[in-house]
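These notes concern the structure reproduced below.
In structure tokens form, the structure reads like this:
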């Protein structure tokens, strides 16, 4: 990791995280038309459930390509985000989404136990995402129910 050169406020870190999330809603492109990967440090890390840990922009690009190939569209619900600031480079955002997966649609709360609720833990320094760990149920279309007895009708 590079030595920090710029001091950032929580609101500035939040703006980088928002640009990242809006980039997904915009098909992987930032509001300025740049690739989503431009928001990341060269040695950044991203964790996604059932994919694992990607280190560096090339691996992160593979992760986003693999996951993105299964999702037709996504829309994050910005008005209901819950932000947690640590006073350091780390911030957490909890939220909901809806969209279309290759296996079917999803919407947070439909059903209540289904996909659409998520939490991301960011580390942002020098206007670049150093780390984002994504915590969600990757079974977007809620098809994996046989293994969970409490979901049987």
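In our numbering, the protein residues as written are -10 to 142. Beta carbons: idealized from backbone N, C-alpha and C, even for Gly.
- Residues 26, 29, 31, 33 of the same chain have their beta carbon placed closer than 8 Å to that of residue 46, with the five preceding and five following residues left out of the count.
- Contact annotation: residue 85 and residue 103 have beta-carbon atoms that are not nearer than 8 Å.
- Annotation: the stretch 4 to 50 contains the following complete segments of the beta strand (DSSP E) (minimum length 3 residues), in chain order: 29 to 37, 41 to 44.
- By the Cβ test, the stretch 133 to 140 is not in contact with the stretch 43 to 59, since fewer than three Cβ pairs between them sit closer than 8 Å.
- Taking 8 Å as the cut-off, the Cβ atoms of residue 63 and residue 88 count as close.
- Residue pairing of residue 62 in beta bridges, as defined by DSSP: 89.
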